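Numbering (the numbering used here), first residue to last: 1 to 339. The C-beta atom is built at its ideal place from N, Cα and C for all residues, glycine as well. Computed from a prediction, not measured in an experiment: that's the story for all the values here.
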């Protein structure tokens, strides 16, 4: 029932890809329906339970499900308002008090403190997006939104600390990773205030990001040990290349930003069919269900939740009532025979 918007969203995504092309050169988007599947021995193993018909149906519905929309500036819409205006001075005062280790963290080259880098980025964005003004505006807005949320003392401290460490880790990595994490955190925060369906879609987005990294590591076992001498073989840049190749087919966000990654391997170096089918086999529906249950069952008062239990209960009641009404209508039409 929650996947009802798949077809509509997929059609919108197809129209966008037709306008942009799936590669920097405007190439033809990857179509899993027409692509030749790779040999089975090149793909990861799949547990028997994941091959059950109900899992396969859910996987087929969830994977092309477009990401929860959060690139409003790119689409020309009004951005989501920040919780409050936040200044660089406030960020540099609040974040060290929230999480003291940030004061000692430096950028990946050891030249600039992460706090200073955050202050520069919240004003000017990321150099990697200099030639993509729409994405740059979105990233600046998203980063300011996230930093305002981190400085909001009404938010449980444990949630803000966890998000701060994630953001700091990204700013100790490459700009492609910074761009991805800013957008992911922004989407997660906004998703908490969205409808139950959108909260679930945000949870699916997060799972897809993990699976994308698993796919990169499965197909490139040495990617985790690569240094800056060959950046094209590092995980963040391989993620960019895979996102460009099959992002539209898997409903991944950040395809536009991935195109700005100058260290991503070229499109002709990526076997799109192999990436798509490996990703599909690594996407566990049962893991996703367990993630949802685990999130709902958290007991700590300050637990960081993707799913609102109140929204879940409300949705379940509405869905149950609608189902009962449908069954009653079907029974009335069928009379005793329908019974």
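Between which two residues does the alpha helix (DSSP H) harbouring residue i extend?
i, result
"residue 53", "53 to 62"
"residue 144", "133 to 150"
"residue 114", "114 to 124"
"residue 273", "272 to 282"
"residue 237", "235 to 250"
"residue 196", "196 to 219"
"residue 179", "175 to 192"
"residue 224", "That residue, residue 224, is in no alpha helix (DSSP H); it is neither H nor E in DSSP."
"residue 302", "No alpha helix (DSSP H) holds residue 302; DSSP gives it neither H nor E."
"residue 98", "88 to 98"
"residue 168", "157 to 171"
"residue 255", "255 to 258"
Tell me whether residue i is buried or exposed, calling it buried when 16 or more other Cβ atoms sit within 10 Å of its Cβ.
i, result
"residue 319", "exposed"
"residue 66", "buried"
"residue 326", "exposed"
"residue 225", "exposed"
"residue 157", "exposed"
"residue 259", "buried"
"residue 227", "exposed"
"residue 300", "exposed"
"residue 115", "buried"
"residue 51", "exposed"
"residue 329", "exposed"
"residue 175", "buried"
"residue 243", "buried"
"residue 240", "buried"
"residue 153", "exposed"
"residue 270", "buried"
"residue 205", "buried"
"residue 255", "buried"
"residue 142", "buried"
"residue 47", "exposed"
"residue 177", "buried"
Short check: CB of residue i to CB of residue j, under 8 Å?
i, j, result
"residue 203", "residue 274", "no"
"residue 187", "residue 63", "no"
"residue 30", "residue 257", "no"
"residue 291", "residue 207", "yes"
"residue 340", "residue 215", "Here the chain has residues from 1 to 339 only, and residue 340 is not among them."
"residue 200", "residue 98", "no"
"residue 119", "residue 136", "no"
"residue 285", "residue 126", "no"
"residue 248", "residue 183", "no"
"residue 103", "residue 96", "yes"
"residue 324", "residue 159", "no"
Excluding the 5 residues flanking residue i on each side, which residues of the same chain have their C-beta closer than 7 Å to its C-beta?
i, result
"residue 163", "150, 185"
"residue 211", "279, 282, 283"
"residue 412", "Absent from the structure is residue 412, since the part of the chain shown begins at 1 and ends at 339."
"residue 181", "166, 167, 170"
"residue 107", "114, 117, 171, 172"
"residue 315", "196"
"residue 124", "none"
"residue 90", "151"
"residue 18", "At residue 18 the pLDDT is 41, less than 50, meaning the model places this residue with poor confidence; the figure from the coordinates comes in the next sentence. Within the same chain, residue 18 has no close Cβ partners at all."
"residue 298", "305"
"residue 209", "184"
"residue 25", "Because the pLDDT of residue 25 is 44, which lies under 50, any placement of that residue in the model is unreliable, and the question is left without a value."
"residue 296", "307, 309, 312"
Can you name, in chain order, every residue of its own chain whose Cβ lies under 6 Å from the Cβ of residue i, other than the five neighbours on each side?
i, result
"residue 288", "207"
"residue 146", "185, 186"
"residue 246", "30, 272, 275, 276"
"residue 77", "Any reading at residue 77 must be qualified, since the residue scores a pLDDT of 47, below 50, and its modelled position is unreliable; the value itself is stated next. If we look at residue 77 and ignore the five residues flanking it on each side, it has no Cβ neighbours."
"residue 32", "249, 276"
"residue 128", "175, 260"
Leaving aside the five residues before and after residue i along the sequence, list all residues of the same chain whose C-beta is less than 8 Å from its C-beta, in chain order.
i, result
"residue 94", "150, 151"
"residue 55", "49, 285, 286"
"residue 217", "223, 224, 235"
"residue 35", "272, 273, 276"
- Is it a yes or a no for the segment 307 to 326 touching the segment 191 to 203, going by three-plus beta-carbon pairs under 8 Å? With contact defined as three or more Cβ pairs closer than 8 Å, the segment 307 to 326 and the segment 191 to 203 are in contact.
- Stretch-stretch touch, CB-based, cutoff 8 Å, three pairs: the segment 231 to 239 with the segment 256 to 268: In short, these stretches touch, since the Cβ pair count reaches three.
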